[in-house]
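> Line order of the protein sequences matches chains A and B.
First residue of the first sequence? That's 1 in our numbering, and the numbers climb one at a time after it.
First residue of the second sequence? That's 1001 in our numbering, and the numbers climb one at a time after it.
There are 2 protein chains.
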Amino acid sequence: MTATIQDVAKAAGVSVGTVSRAMNNYPDISAKTRERILEVAKELQYRPNLVAKSLSSKHSRNIALILSGFLEDVMFNDFETMLMKGCYQFAIEHDLEISMHVINTRIQEEKSYEQLCYEHNIAGAVIFGLKNTDPYFKSLEESRKPCVTIDVEVSGENVSNVTNDHVAAFEELTQYLIDQGHRNIALVCGRKNAAVTAQRMEGAVNAMHRNGLELPKEYIIYTNFLKEEASAGVAEFIREHGKEGVTAFLCMSDMLAVGTIEALKGAGRRVPEDYSVVGYDGIYVTEYTDPKITTVDQNIKDKGYEAAHLLYDMIEGIRPAQDLILPHKLEIRGSVKKVDA
Amino acid sequence: MTATIQDVAKAAGVSVGTVSRAMNNYPDISAKTRERILEVAKELQYRPNLVAKSLSSKHSRNIALILSGFLEDVMFNDFETMLMKGCYQFAIEHDLEISMHVINTRIQEEKSYEQLCYEHNIAGAVIFGLKNTDPYFKSLEESRKPCVTIDVEVSGENVSNVTNDHVAAFEELTQYLIDQGHRNIALVCGRKNAAVTAQRMEGAVNAMHRNGLELPKEYIIYTNFLKEEASAGVAEFIREHGKEGVTAFLCMSDMLAVGTIEALKGAGRRVPEDYSVVGYDGIYVTEYTDPKITTVDQNIKDKGYEAAHLLYDMIEGIRPAQDLILPHKLEIRGSVKKVDA
DNA sequence: CTGAAAGCGCTAACAC
DNA sequence: GTGTTAGCGCTTTCAG
Chain A
1 MTATIQDVAK AAGVSVGTVS RAMNNYPDIS AKTRERILEV AKELQYRPNL
51 VAKSLSSKHS RNIALILSGF LEDVMFNDFE TMLMKGCYQF AIEHDLEISM
101 HVINTRIQEE KSYEQLCYEH NIAGAVIFGL KNTDPYFKSL EESRKPCVTI
151 DVEVSGENVS NVTNDHVAAF EELTQYLIDQ GHRNIALVCG RKNAAVTAQR
201 MEGAVNAMHR NGLELPKEYI IYTNFLKEEA SAGVAEFIRE HGKEGVTAFL
251 CMSDMLAVGT IEALKGAGRR VPEDYSVVGY DGIYVTEYTD PKITTVDQNI
301 KDKGYEAAHL LYDMIEGIRP AQDLILPHKL EIRGSVKKVD A
Chain B
1001 MTATIQDVAK AAGVSVGTVS RAMNNYPDIS AKTRERILEV AKELQYRPNL
1051 VAKSLSSKHS RNIALILSGF LEDVMFNDFE TMLMKGCYQF AIEHDLEISM
1101 HVINTRIQEE KSYEQLCYEH NIAGAVIFGL KNTDPYFKSL EESRKPCVTI
1151 DVEVSGENVS NVTNDHVAAF EELTQYLIDQ GHRNIALVCG RKNAAVTAQR
1201 MEGAVNAMHR NGLELPKEYI IYTNFLKEEA SAGVAEFIRE HGKEGVTAFL
1251 CMSDMLAVGT IEALKGAGRR VPEDYSVVGY DGIYVTEYTD PKITTVDQNI
1301 KDKGYEAAHL LYDMIEGIRP AQDLILPHKL EIRGSVKKVD A
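1) For residue 1264(B), which residues in the same chain have their Cβ closer than 6 Å to its Cβ, ignoring the five residues on either side in sequence?
2) By the criterion of Cβ-Cβ separation under 7 Å, what are the contact partners of residue 1047(B) in chain A?
3) Expressed to the nearest angstrom, what Euclidean distance is found between the alpha-carbon atoms of residue 237(A) and residue 221(A)?
4) Is residue 1249(B) helix, strand or coil when you go by DSSP?
5) Whole-angstrom Cβ separation of residue 1098(B) and residue 1140(B), contact assumed at under 8 Å?
6) For residue 1288(B), which residues in the same chain have their Cβ closer than 8 Å to its Cβ, ignoring the five residues on either side in sequence?
7) Going along chain A in order, which residues have a C-beta closer than 7 Å to the C-beta of residue 1288(B)?
8) Whole angstroms is fine: what's the gap from residue 284(A)'s alpha carbon to residue 1107(B)'s?
9) On the DSSP bridge assignment, give the partners of residue 1128(B) in chain order.
10) Residues of chain B with a CB under 7 Å from the CB of residue 50(A): which are they?
11) Rounded to the nearest angstrom, what separates residue 1331(B) and residue 330(A) at their Cα positions?
12) Going along chain B in order, which residues have a C-beta closer than 7 Å to the C-beta of residue 89(A)?
13) State yes or no: is the C-beta of residue 1115(B) within less than 8 Å of the C-beta of residue 2(A)?
14) Using alpha carbons as the reference points, say which of 307(A), 174(A) and 266(A) lies closest to residue 204(A).
15) Kindly indicate if chain B contains any beta-carbon less than 8 Å away from that of residue 85(A).
16) Roughly how many angstroms lie between the CA atoms of residue 84(A) and residue 72(A), to the nearest whole one?
17) On a CA-only basis, which of 1146(B), 1128(B), 1120(B) and 1161(B) is nearest residue 1322(B)? Give me that one, please.
18) Would DSSP call residue 206(A) helix, strand or coil?
19) Straight-line CA distance for residue 1235(B) to residue 86(A)?
20) Taking DSSP as the reference, what is the three-state secondary structure of residue 1295(B)?
21) Given that residue 100(A) touches chain B, what residues does it touch there, using C-beta distances under 7 Å?
22) I'd like the list of long-range same chain contacts for residue 1062(B), defined as Cβ closer than 8 Å, with 5 residues on each side in sequence excluded.
23) Quick one: measure Cβ to Cβ for residue 191(A) and residue 225(A), integer angstroms, because I've assumed they're closer than 8 Å.
24) Within this structure, are the beta carbons of residue 1277(B) and residue 1335(B) separated by less than 8 Å?
25) Which class does residue 1227(B) belong to by DSSP, given the choice of helix, strand or coil?
26) Start and end of the beta strand (DSSP E) containing residue 103(A)?
27) Cα separation between residue 1248(B) and residue 1219(B)?
28) Could you tell me which chain B residues have their CB closer than 8 Å to the CB of residue 346(A), listed as they occur along the chain?
29) Determine the closest residue to residue 1324(B) out of 1078(B), 1187(B), 1304(B) and 1105(B), with distance taken between C-alpha atoms.
30) Mind pulling the chain A residues with CB within less than 7 Å of residue 1002(B)?
31) Kindly indicate the opening and closing residues of the beta strand (DSSP E) around residue 1134(B).
32) So, using beta-carbon positions, are residue 1149(B) and residue 1130(B) closer together than 8 Å?
33) So residue 1310(B) is in the alpha helix (DSSP H); what residue range does that whole segment cover?
34) Taking only three categories from DSSP, how would you classify residue 1044(B)?
35) What three-state label does DSSP hand residue 72(A) in the structure shown?
36) Would residue 54(A) count as contacting chain B if we go by Cβ distances under 8 Å?
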């Protein structure tokens, strides 16, 4: 088997306590014993058992990324992957242990966030995928373990939120469409009870009103953020409203935009010649479609990185819980045509 | 804090040993004490500390998914996400703890696979992303901890490999192109030292020779599986060989196909009217491009599931180490045109 | 069937 | 500076 701290102690002729001090760079140890121990450790290919370490030590350097609904999604999800990369990047740079936990609504009902942390000896977590009908949405409020939620505003003394200014971003996106001369715009909406849906809706309406435009109820297509729903919804929409002069589809996510374009092409229309389409998120796929989709890039990897960063600072007492608004960027590509106003 | 096994024992008026037996469904305990304990446990919202559990118990139900190079990839990677989903699916269904570990070549040099398992108290792992120049490629051979590699043939008593018959699959794909009348086919190749590259190459050559065709050296475009390299390579290729009658591009991955199509369109050519293109992998993006890409679907999620399954069986002694060849499926979509032979 | 007690490998007082 | 020792929360003999 692999060597334990005992083996190293014996081989170096010191006590386990001293080995522990040497391995963890404690100051109260002479330079030469440390060196000798380190050498012996290397010789024996000693690796501290992180499980034992985590069990015995008070403060842990273990953080987690909790993904709710990761397995349920039929949809393609770039989003989680990019988030993951950001979190892992931070963890590696700062020598933290990071673990990923997949949960869902049922698991949330079974065990609280604090219990989950306790089970795994976790100091705190970045949480993604919470619906505002999920148990954690309310229970996190009283959590004593720090956490950082992504894109969902949960209150609580130990909970931070990392998000974008979705209202402003969507307003910008809508304004861009208007600036290109579009007056009759259909909105392809996300899940009704999602915070981001409400925010983006607000942004869209703001921009429209500011320009003296209305968003008729019939021009709203509802989905649960699934591409297929967008396809079906848009296909039906152009059957019913095809002649009413709608010139653009404003989509609440990139996947919805992909579905929209699919439906449009399926109906023999061209994008952007016949209809303009814009998305939201900035996932990779927007660069692979034809045309490439004009969208708002949230820089999701960065979001993961900053979320882990904030979490770490909360754990260490460097920064208090707070809302962090990250910058977004309008990415103009090929899915919008300028039309006569 | 959260309740410990001691608290439950005290509250139920029994010893910790008995609580442990009750919680783990051991047979040697009376039905009514078990019930009482379970009730008390629920009341106290008791959750066993998995870290302590893992430390003390001999056999562990902890498996891992090890991803090598996950952070390095500039490329878009669906592949890992789908693999992850498959592994997590199996773990959840079988009540296993699964953790994900991101490594790279450097980390492989620093600690062996067995050490990594020891550090985290892991019974075995599914390993993805190994290059055949990586340290683990050889060292796994002598591992006493079981593991399952994906798409890379590592020998060793405790190592299984889950893959597809890439030779046959690529042969099939190539044959399809030939059946559609293509005679002059360019090959967009993956990383030279990757096992999958050699296998697919073999499949391509097999199909060509069987049909009396040759693959001229000048018709091979080398890449490291990066989309951008395919774009650049193909752009250059049609500048140099544009007039020589090549009618199709056979790509070793879907991302290479995406890059190829991009380059073709960039040069003002149409797909599939002017050139046919096929990919390989079956990642989601092939359905979002225009045209949708004809490809070989590896059913990656399934691959992850089966890999975790095999790993589990190896750990439990149900199945010995073995090579598992999963079925593939030719997905005919819109990127190939029938031409006159 | 149940209790007592010895660890799992490590950290963190507390002594000297 | 370094050794000693008491846990961390749980499992698992070994008695009875």
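Glycine residues also receive a C-beta, built at the ideal position from the N, C-alpha and C atoms.
Reading off the structure:
1) So the list reads 1271 and 1275, once near-sequence residues are dropped.
2) Ordered by position in chain A, the residues that pass the 7 Å Cβ test against residue 1047(B) are 111, 115, 118 and 119.
3) If you take the alpha carbons of residue 237(A) and residue 221(A), they lie about 8 Å apart.
4) If DSSP states are grouped into helix, strand and coil, residue 1249(B) belongs with the strands.
5) At roughly 20 Å, the Cβ-Cβ gap does not stay under 8 Å, so residue 1098(B) and residue 1140(B) are not in contact.
6) There are no such residues.
7) Neighbours of residue 1288(B) on chain A, chain order: 258, 285, 288 and 289.
8) For residue 284(A) and residue 1107(B), the distance between alpha carbons rounds to 28 Å.
9) According to DSSP, which records beta bridges pairwise, residue 1128(B) is partnered with 1067(B).
10) Those are 1119 and 1120, listed as they occur along chain B.
11) Near 35 Å, if we compare the C-alpha coordinates of residue 330(A) and residue 1331(B).
12) Going along chain B in sequence order, the residues near residue 89(A) (Cβ under 7 Å) are 1071.
13) Their beta carbons are under 8 Å apart, which means residue 1115(B) touches residue 2(A) by this criterion.
14) Considering only alpha carbons, the answer is 174(A).
15) When Cβ-Cβ separations below 8 Å define contact, residue 85(A) makes contact with chain B.
16) Cα-Cα distance, rounded: 17 Å.
17) By alpha-carbon distance to residue 1322(B), the top candidate from 1146(B), 1128(B), 1120(B) and 1161(B) is 1161(B).
18) Residue state, collapsed to three classes: helix.
19) The alpha-carbon atoms of residue 1235(B) and residue 86(A) are separated by roughly 33 Å.
20) In the structure shown, residue 1295(B) sits in a strand (DSSP, three-state: E or B).
21) Chain order gives the chain B residues near residue 100(A) as 1100, where near means a beta carbon separation below 7 Å.
22) 1054, 1096, 1097, 1098, 1099, 1120, 1121, 1122 and 1123.
23) Residue 191(A) to residue 225(A), Cβ: 5 Å. Contact.
24) Contact: yes.
25) Helix at residue 1227(B).
26) Element bounds for residue 103(A): 97-103.
27) Distance between the alpha carbons of residue 1248(B) and residue 1219(B): 11 Å.
28) Since the first residue of chain A shown is 1 and the last is 341, residue 346(A) is not available in this structure.
29) The residue with the shortest Cα to Cα distance from residue 1324(B) is 1304(B).
30) Around residue 1002(B), the beta-carbon contacts reaching into chain A at under 7 Å are 114, 115 and 118.
31) For residue 1134(B), no beta strand (DSSP E) segment is defined, and its DSSP state is neither H nor E.
32) By the CB criterion at 8 Å, residue 1149(B) and residue 1130(B) fall inside the cutoff.
33) Here the alpha helix (DSSP H) through residue 1310(B) covers 1300-1315.
34) Here residue 1044(B) sits in coil by DSSP.
35) Judged by DSSP in its simplified three-state form, residue 72(A) adopts coil rather than helix or strand.
36) Judged by the 8 Å Cβ criterion, residue 54(A) is in contact with chain B.
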